[in-house]
Amino acid sequence: MHALDRLAYGPRPGEIERVAAAGVLRWIDAQLAPDKIDDDTVARREREFDVLTYDRGDLARLYADVQRARQERKRMGDTAADKPDDSPIALKGRRFAAQVQQLAVVRAALSERQLYEVMVDFWTNHFNVYFAKGADRFLTPDYIEHTIRPHAMGRFEDLLIATARSPAMLFYLDNWESVAPGASPPFPLSARRRGGQGVRTGINENYARELLELHTLGVDGGYDQHDVIEVARIFTGWSIRRPQQGGDFEFHDWAHDTGDKQVLGIEFERGHGMDEGIHLLKRLANHPATMHHVSRKLCQRFVNDDPPDGCVDDAVAAWQRSHGDIRDVLRAIFHGPDFWAVANIRAKVKTPLEFVVSAARAVGAEPDTTPRLAQVVARLGEPLYLHVAPDGYPEREDAWVNSGALLDRMNAAVALAAGRLPGAVATLDSVAPVTPDPEQLIAGIDDRILGGTMSQNTKRVIAEQLSDITDPVQARALAVGLAIGGPEFQRQ
Amino acid sequence: MSISRRVFVKSGGLALFSLGLDPLFLARAAFASYPVPSSPALSRPILVCLFQRGAVDGLNMIVPHGDPMYYRERPRIAVPDTDVVDLDGYFGLHPRLAALKPLWDAKRLAAIHAIGSPDATRSHFDAQDYMESGTPGVKATLDGWLNRYCQHDREHQDTPFRAVAFGPELPRILAGTAPSLAIADLQAFGLRAPQPAARDRLTRAFEELYAGSATGLLSASSREAFEAVQTLKRVDPTQYQPANGADYPRGKLGKAMLEIAQLIKADVGLQVAFADVTGWDTHVNQGASEGQLAARLAELGQTLTAFAQDLGEKLEDVVVLTMSEFGRTVRENGNSGTDHGHATAMLVLGGPVNGGRVLGKWPGLDPASRFEGRDVAVTTDFRDLFAEVLARHLGARDLSAIFPGFTPDPARFPGAISA
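Line by line, the protein sequences are chains A and B.
Just so we're aligned, residue 524 is where the first sequence starts under this note's numbering, counting upward by one.
Just so we're aligned, residue 5 is where the second sequence starts under this note's numbering, counting upward by one.
Here's what the structure looks like:
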């Protein structure tokens, strides 16, 4: 149960027994090699998401068409700006955005490669971009598919370089517009190509700062404001070709700062153009502060909100041995004593995404392609890809546990169990057969949904609630709703 | 009893359809009774905090239009002198804050300039963290200063609505052991069921589940939730109409402030309210009199104006305090925006405010007097303003417990609250 809670989005009916029968360590090893796990269900379901057949350029064109149609409407005197735009093209744009969010929920719920999906969510937050910022409206889907997902279980260095080069990140943290002071392009840029905003000059520190603070060294990683400026100078020229058309990474020689630079005491000799940035990213990826910062975050995710030093040290040692192979770092965490320590079992509260996905899995629901489950995740406080600040959604329980969100979790649980959540149909027969015996019903729910962790109080309260309900089908729906909305299921 | 029982059983059919529950479920709910809600507190001072996340450009909010340096450093984004709503010959309001001018003239609104943190960080997250924990430079602080105020000031009764954050997440500033609530939508707060009786029964079942089985934060938060549900039942937020023709802008901020006004008027014991307003991180294309920042300021100004109108006389008990983690560079950057800076400006609005003045010691924009040569220097520690509001408005006594490691000194208070 513990392994399924942490390495996966909770057990599906019967999965606890299946993992136990195969051997939990063997299951963990299999999860660490996701390429070898068949995932036909997800492959089939992905075909229902037509947003995946659109590349950056296609989405950029769609976005431009929506904008043009809106301008046109305004010109025609339709000035009700507050009115939602219900033209077919605008609806398609909204449907695609919703599909991107729902796809994350569907994959998390149905994938056999559970640990891989957990890691995709982890890196999506570690290397956060904001889906609603300008060009990121059409760059984000590509970022998830082609930057995060291919590297989620590979080497940290490759992932870091991939994010640094990604149009979505370059746009989100403004680096695409960062140019050396006084530099100007050798050819006149058309106003249209610059998004009608004219040529910009001067460095922008935004990416440099977050790269050091969030992506690599950590805020106490031993850098200062001078380092931030030097890093920004190194990344001048890392830009995007025609961002408004969904363009690719492009290095602008003319925008690059040609002076010598020094970061954390390391000299970066002038004249190496884009290689300076690659060299810096490799240094940062293998810096001890980065190993510690990222390992600690992984332990926070998998072990405890306040991870013990022991598991962090194990992870750092594995990082050193494997030169940042994420699978080896994870293996060290899962095989360490802290992961299995009693104090860390059920010690974490589920995030909204974890709660919704684990609830859907618990009742054997297959979320459909409509955005409804993603909307529930949003209502509970975690609209996917829409965390505006670069630190990503938090891991700690105090960010998620508050009275309002808790009531909403109860509401979602009752709705799901009662079949009132269209888009995710519970198959309660897979949890417990219909029975007139409340004790048997509760035992089945405890076994299959909570892995035997249901408290005496919860059993008593559910039994009491069932005492005057004569229809066993209704009784089962209520009991499952209470179990999933109750306190035990909020933990993992 | 038999009548109400029959009514419930009869109308139970509807609930049966959508909830999937037996009518008896409803019948029993008819007899369920709650303990009487605790009586609301008497009228008392209220503090509303608005956090401008992303670091607002204080220089384009409260504009030093009397300083040529301002125009020299910001050729593309300075607010033209002719557009500024002048306040005192040197400072003026951004034109899209013009709606606030009558409140300024009525001495209900003041600004504090060159205010910020003694810590030099230019990280949003660190700086916000410090402003909310109230301990600049110390990350280990677990709770927020608004929550510590509630912990230490025991003269006021804890009602479920004593401290409320409007938004899906409880912010750092209200984190801590004193009960506090996060409300994303007042109208939808609570368990949902098609019928009041079904809702009451469901509420009761979950209340028992959490009372008996929850641990840690889950236990405390659920207790707060169920107390609040009871109180709101009485208030009925679906029926609210703003008073005096107040027109809140659409959007999250307007909605949050409308709901705050509603709770203030409902007299449910609200003492400390908090809301976020985002969109101030203007690195690119900040705009001047019009544009990105102007649009955010317009929303802020119209919301505060609507709030003051809606409250009417009740504004005499209320102080609204805006805050932001730091200010922005004096000089515009290469992208017609501004980068992370140091000091910014904050606003205080309400009856008890010593208004109509720009408070704080102005360090000037001269490069020699700037922080690290680039940013407006901090001359007022934000804790001096927060401490003044807590002491003079809410009557807090133990300020050093609320701001550990800091000794608030009334001599350094900026003078935001009328003595």
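No residue lacks a Cβ here, since even glycine has one placed at the ideal position from N, Cα and C.
- Taken through DSSP and simplified to helix, strand or coil, D558 (chain A) comes out as helix.
- Going by C-alpha positions, A372 (chain B) is about 14 Å away from W366 (chain B).
- For A928 (chain A), the closest of A:G887, A:G975, A:Q1013, A:Q988 by C-alpha to C-alpha distance is A:Q1013.
- Within the segment 150 to 218 of chain B, the alpha helix (DSSP H) runs of at least 4 residues that lie entirely inside it are, in chain order, 200 to 217.
- Contacts with chain B (Cβ-Cβ distance below 7 Å) from the segment 972 to 995 of chain A involve S978, N980, T981, V984, Q988, D991, I992, T993, D994, listed in chain order.
- Taking all protein chains in view, the Cβ of K143 (chain B) is surrounded by fewer than 16 other Cβ atoms within 10 Å, so the residue is classified as exposed.
- The residues V652, Y653, K656, D659, in chain order, have a CB closer than 7 Å to that of Y695 (chain A) in the same chain once the five nearest residues on each side in sequence are set aside.
- For S978 (chain A), there is no enclosing beta strand (DSSP E), as DSSP marks it with neither H nor E.
- For a Cβ distance threshold of 7 Å, residue set F210 of chain B lies close to G1008 (chain A), ordered along the chain.
- The three-state reading of DSSP puts E376 (chain B) in coil, since its state is none of H, G, I, E or B.
- Secondary structure at T564 (chain A): helix, using DSSP grouped into helix, strand and coil.
- Nearest neighbour of Q132 (chain B) by Cα position, chosen from A:S990, A:D914, A:V924, A:G1008, turns out to be A:D914.
- The Cβ neighbour count for K559 (chain A), taken over all protein chains shown within 10 Å, is under 16; the residue is labelled exposed.
- Q245 (chain B) sits exposed, since fewer than 16 C-beta atoms from the chains shown fall within 10 Å of its C-beta.
- By the Cβ-count criterion, E962 (chain A) is exposed, with fewer than 16 other Cβ atoms from all chains shown falling within 10 Å of its own Cβ.
- Contact between R535 (chain A) and R884 (chain A) is confirmed by a C-beta separation of about 5 Å, below the 8 Å threshold.
- Among the residues of the segment 179 to 201 of chain B, those with a Cβ less than 7 Å away from any Cβ of chain A are A179, L185, A186, I187, A188, F193, G194, L195, R196, in the order of the chain.
- Within the segment 894 to 919 of chain A, the runs of alpha helix (DSSP H) that reach at least 4 residues and sit entirely inside it are, in chain order, 895 to 902.
- Under the DSSP assignment, T663 (chain A) falls outside any beta strand (DSSP E), being part of the alpha helix (DSSP H) whose first and last residues are 659 to 666.
- Excluding five sequence positions before and after E320 (chain B), the CB atoms of its chain that fall closer than 7 Å to its own CB belong to G355, given in chain order.
- Residues of chain B whose Cβ lies closer than 8 Å to the Cβ of N651 (chain A) do not exist; the shortest such Cβ separation is about 12 Å.
- Within chain A, the residues placing a beta-carbon under 8 Å from that of G216 (chain B) are S978, N980, T981, R983, V984, ordered along the chain.
- I992 (chain A) carries a coil assignment under DSSP once its states are collapsed to helix, strand and coil.
- Contact note: G725 (chain A) reaches chain B through N337, G338, N339, using a C-beta cutoff of 8 Å and chain order.
- Going by beta carbons, P894 (chain A) and A553 (chain A) fall outside the 8 Å limit.
- When Cβ pairs closer than 8 Å are counted between the two stretches, the segment 334 to 346 of chain B is seen to touch the segment 70 to 84 of chain B, the count reaching three or more.
- For E228 (chain B), the closest of B:E211, B:S217, B:P241 by C-alpha to C-alpha distance is B:E211.
- Against chain A, the beta carbon of T139 (chain B) has no neighbour under 7 Å; the closest one sits roughly 15 Å away.
- Contact note: V142 (chain B) does not reach chain A at a C-beta cutoff of 8 Å; the least C-beta distance is about 13 Å.
- In the displayed model, W923 (chain A) falls within coil according to three-state DSSP, outside both helix and strand.
- About 6 Å separates the Cβ atoms of G273 (chain B) and R166 (chain B), confirming a contact at the 8 Å cut-off.
- If the five residues before and after A941 (chain A) are omitted, its C-beta is found closer than 7 Å to the C-beta atoms of A1000, G1004, all from its own chain and listed in chain order.
- The alpha carbon of T342 (chain B) has as its nearest neighbour, out of B:L107, B:R396, B:L222, B:L297, the alpha carbon of B:L297.
- Residues N248, A250 of the same chain have their beta carbon placed closer than 6 Å to that of Q313 (chain B), with the five preceding and five following residues left out of the count.
- In the DSSP assignment, V281 (chain B) falls within the unbroken beta strand (DSSP E) covering 276 to 281.
- Contact between the segment 61 to 69 of chain B and the segment 255 to 275 of chain B is absent: fewer than 3 CB-CB pairs across the two stretches fall below 8 Å.
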